[in-house]
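**Q**
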Amino acid sequence: MAVRQNLGSVSTQAVYDVLRACVNAGLVRRIEPAGSSARYETRTGDNHHHLVCRVCGRVADVDCAVGEAPCLEPSDLAGFAIDEAEVVYWGVCADCQHDSATTTRPQSSTI
1 MAVRQNLGSV STQAVYDVLR ACVNAGLVRR IEPAGSSARY ETRTGDNHHH
51 LVCRVCGRVA DVDCAVGEAP CLEPSDLAGF AIDEAEVVYW GVCADCQHDS
101 ATTTRPQSST I
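For the sequence shown, full-length UniProt numbering begins at 1 and goes up steadily by one.
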C-alpha cells in the first residue's frame, strides 16, 4: 500500500475511513465497475463516464459526446429513490489490442 510507504504504520481501515470521508465531502468520487475493485478519482465536478478494458482492467475517463445524451432517466422508478446513475463503456484498450494482435498472428512457415 503506497500510504504505508509514505507514512509508515497505517491501518487499512484508517485508509478506507479517510476515503469515505473524502467521498462524503465531495473531494473524490468512488467508482466500482462490475467485477473490479473500488477506485477513487479526483475528477468530481463534471459529468463524465468511464472506459474499462475487459483484458487488463485499465480505466480511462471519457467526456460525454456533445449532443448525445445517455439514458440516465429510467422510464419507471419501480419504487426506488435513485441517487446515482453511471455509464460505463466496456471494451479492449489499445495496448491489449496490440498485444492480442502480436500474440495471435499466425506464424509463417517455410516449406
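Ideal Cβ placement from N, Cα and C applies to all residues, glycine included. From a predicted model like this one, the values you see are computed outputs, not experimental measurements.
Could you tell me the alpha carbon to alpha carbon distance between Ser11 and Gly79, rounded to whole angstroms?
**A** Between Ser11 and Gly79, the C-alpha separation is close to 39 angstroms.
**Q** May I ask which residues mark the beginning and end of the beta strand (DSSP E) holding Gly53?
**A** Note on residue identity: the sequence assigns Cys, not Gly, to residue 53. His48 to Cys53 is the extent of the beta strand (DSSP E) around Cys53.
**Q** Can you tell me where the alpha helix (DSSP H) holding Asp63 begins and where it ends?
**A** Careful: Asp63 lies outside any alpha helix (DSSP H), inside the beta strand (DSSP E) at Val59 to Asp63.
**Q** Does the region 54-66 come close enough to the region 87-99 to have 3 or more Cβ pairs within less than 8 angstroms?
**A** Taking 8 angstroms as the limit for Cβ pairs, the verdict is that the region 87-99 does touch the region 54-66.
**Q** Where does Val52 land, buried or exposed, given buried means 16+ other C-beta within 10 angstroms?
**A** Buried, by the Cβ-count rule.
**Q** Compute the Euclidean distance between the alpha carbons of Cys56 and Ser37, then round it to the nearest angstrom.
**A** Going by the C-alpha atoms only, they are around 13 angstroms apart.
**Q** Can you give the beta carbon distance from Thr44 to Val18, rounded, assuming they're within the 8 angstroms contact cut?
**A** Wrong, their Cβ atoms sit about 16 angstroms apart, outside the cutoff.
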